[in-house]
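S.K.: If you scroll down you'll find the structure; I have some questions about it.
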Amino acid sequence: MSYVEVPGANVPIRMWADPATVEGGAMQQLRNVATLPWIKGLAVMPDVHYGKGATVGSVIAMQGAVCPAAVGVDIGCGMSAVKTSLTANDLPGDLSRLRSKIEQAIPVGRGLHREAVDPKRLYQFPTAGWDDFWSRFDGVADAVKFRRERAGQQMGTLGSGNHFVEFCLDTSGAVWLMLHSGSRNIGKELAEFHIGEAQKLPHNQGLVDRDLAVFVADTPQMAAYRHDLFWAQEYAKHNRAIMMALFQEVVRREFRKARVTFDPVISCHHNYVAEERYEGMDMLVTRKGAIRAGSGEFGIIPGSMGTGSYIVKGLGNAASFNSASHGAGRKMSRSAAKRRFTVRDLEEQTRGVECRKDSGVVDEIPGAYKPIEKVIDQQRDLVEVVAKLKQVICVKG
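The sequence shown lines up with residues 6 to 402 when you count with the working numbering.
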């Protein structure tokens, strides 16, 4: 579908979703964002749903301002995927051992490494800029500096919620490795600190929603946030890269006879800010639950733990600010999913997938998400499908 335009206070709301199917709270959030004085454009993805301040699944283009709550607390959250030389024929009948090895290599939930992972010991890991990245930690907000050791130990860990590590097959039978994570606790604490700072500023006192508080250009608060924001985005990228390297090591060991090789890794943020230029203006584009989909750029759009995911290539649609959805998107809250579904429902909906099937992940059941096929179909003018993947192992925190 092409987009539907809904009137907004300062900019029209371009929607790649049927407005009639979007819950009222999310529509109100979109209208609230459109009232911001600094806004230049708002694009809404087909996986849109209610969030904090701004909806998940929205692309907010502003000039001279950025809203930290619209970026979200998992700064730099995103996806990585890589195609391997393995095929379905190489897999054992019982995948439980492989799942266990993955969980041993990559801490999940609130877990961390006993010691920070040394990237120099990882196979062909690009370490250029690693020391410079960590040296810039000295410039982050004083409120989180005591987290330096923990941030090091959490580098290369999964987290919980909708984060996952998956072993997948595409429609030709080729094996892919895929994972989803972000900036862990350090990103969360940086985000919460700056959201609090923004809400204190005088220019934000008259906003319709205090969670839409912004930092504006050429102020010390904006400079401090930009430093911490871009550092956390880089942390998230490194976190996924180390996890993927650890995942690849597991696969090399477990399939030693096959001498596994890997294609280049595809990686994309879907909670982040980028400096981009549209209509002759330099803008700060916030993608909250959206990926960049510039012409020819690869992206990853996952479904849920029992459905499938898509590798896509962007079509460079400027109306969406070169963006696409970040996943299927929730159709019900976590608490609603826990009330609606049982462990037996989870077992049924994840049949054929080696994964957790207990009450701790019922809120991640496929039935709590929108159908990924429909979400893909609604953005045919934003991306083209390169590969469709189906997980056979899914590791959750």
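Beta carbons: idealized from backbone N, C-alpha and C, even for Gly.
Can you tell me whether F151 is buried or exposed? The criterion is at least 16 other CB atoms within 10 Å of its CB, across all chains shown.
M.R.: The residue is exposed, with fewer than 16 neighbouring Cβ atoms inside 10 Å.
S.K.: Throw me the rounded Cβ distance for the T60 and A31 pair, which I believe falls under 8 Å.
M.R.: At roughly 5 Å, the Cβ-Cβ gap stays under 8 Å, so T60 and A31 are in contact.
S.K.: Does the structure place the stretch 103-110 close enough to the stretch 206-219 that three or more beta carbon pairs sit under 8 Å?
M.R.: Contact between the stretch 206-219 and the stretch 103-110 is absent, because fewer than three Cβ pairs lie under 8 Å.
S.K.: Please check the pair G62 and V71, which I expect to be a contact at CB under 8 Å, by giving their CB distance rounded to whole angstroms.
M.R.: Contact flag wrong, Cβ pair sits at about 18 Å.
S.K.: On the criterion of 16 or more Cβ atoms from any shown chain inside 10 Å, does N322 qualify as buried, or is it exposed?
M.R.: When all chains shown are included, N322 counts as buried.
S.K.: What did DSSP end up calling H199 once you bin it into helix, strand or coil?
M.R.: Looking at H199 - three-state DSSP - the assignment turns out to be helix.
S.K.: Please tell me whether G29 and G402 are closer than 8 Å, where the distance is taken between their beta carbons.
M.R.: Taking 8 Å as the Cβ cut-off, G29 and G402 do not qualify as a contacting pair.
S.K.: If you compare alpha carbons, which of V380, A279 and F138 is closest to Y315?
M.R.: Of the listed residues, the one whose Cα sits closest to Y315 is V380.
S.K.: Three or more C-beta pairs under 8 Å: does that hold for the stretch 127-143 against the stretch 362-370?
M.R.: With the cut-off at 8 Å, the stretch 127-143 and the stretch 362-370 do not touch.
S.K.: What did DSSP end up calling Y8 once you bin it into helix, strand or coil?
M.R.: In the structure shown, Y8 sits in coil (DSSP, three-state: anything other than H, G, I, E or B).
S.K.: Contact check, M160 vs N244 under 8 Å by CB: the rounded distance?
M.R.: Right, the Cβ-Cβ distance comes to about 6 Å (below 8 Å), so this counts as a contact.
S.K.: K5: buried (16+ other C-beta within 10 angstroms of its C-beta) or exposed?
M.R.: Shown here, the chain extends from 6 to 402; a query on residue 5 therefore has no answer.
S.K.: Buried or exposed: D223, going by 16 or more other Cβ atoms within 10 Å of its Cβ?
M.R.: So D223 counts as exposed.
S.K.: Less than 8 Å separating the beta-carbons of L320 and M248?
M.R.: No, the Cβ-Cβ distance between L320 and M248 is not below 8 Å.
S.K.: By the three-class DSSP mapping on this structure, what secondary structure does I191 have?
M.R.: I191 falls in the helix class under three-state DSSP.
S.K.: Among the residues of its own chain, which have a CB less than 8 Å from the CB of H118, if the five just before and after it don't count?
M.R.: Excluding sequence neighbours, H118 sits near P112, Q158, Q159, M160, G161 and T162.
S.K.: Do the stretch 74-82 and the stretch 371-387 touch if we need at least three Cβ pairs shorter than 8 Å?
M.R.: In short, these stretches do not touch, since the Cβ pair count stays below three.
S.K.: Can we count E302 as close to the ligand COA, meaning its CB is less than 7 Å from some heavy atom?
M.R.: No copy of the ligand COA occurs in the structure displayed, which carries no ligand at all.
S.K.: A373 and S330 - do their beta-carbons sit closer together than 8 Å?
M.R.: For S330 and A373, no; Cβs fall outside 8 Å.
S.K.: Grab the span of the beta strand (DSSP E) containing L351 for me, first residue to last.
M.R.: Careful: L351 lies outside any beta strand (DSSP E), inside the alpha helix (DSSP H) at V348 to Q354.
S.K.: Per DSSP, what kind of secondary structure is P42 in: helix, strand or coil?
M.R.: Note: P42 maps to coil in three-state DSSP.
S.K.: With C-beta atoms as the reference, is V270 less than 8 Å away from V87?
M.R.: In this structure, V87 lies closer than 8 Å to V270 by Cβ.
S.K.: How long is the line joining the alpha carbons of K57 and S177, rounded to whole angstroms?
M.R.: Their Cα atoms are separated by approximately 40 Å.
S.K.: Leaving out five residues before and five after S300 in sequence, what residues of the same chain have Cβ atoms less than 7 Å from its Cβ?
M.R.: Closer than 7 Å at Cβ, skipping near neighbours: G319, L320 and G321.
S.K.: Taking only runs of the alpha helix (DSSP H) that begin and end inside the stretch 327-381, which ones reach a length of at least 4 residues, in chain order?
M.R.: Those alpha helix (DSSP H) runs which fall completely within the stretch 327-381 and span 4+ residues are 339-345 and 348-354.
S.K.: Which runs of the alpha helix (DSSP H), 4 residues or longer, sit entirely within the stretch 106-193?
M.R.: Complete alpha helix (DSSP H) runs here, min 4: 135-140 and 153-159.
S.K.: Mind reading off the beta-carbon distance from G81 to A228? Whole number of angstroms is fine, and I expect it under 8 Å.
M.R.: Incorrect: roughly 19 Å between the Cβ atoms, too far for contact.
S.K.: May I ask which residues mark the beginning and end of the alpha helix (DSSP H) holding A229?
M.R.: Its alpha helix (DSSP H) spans residues P225 to E259.
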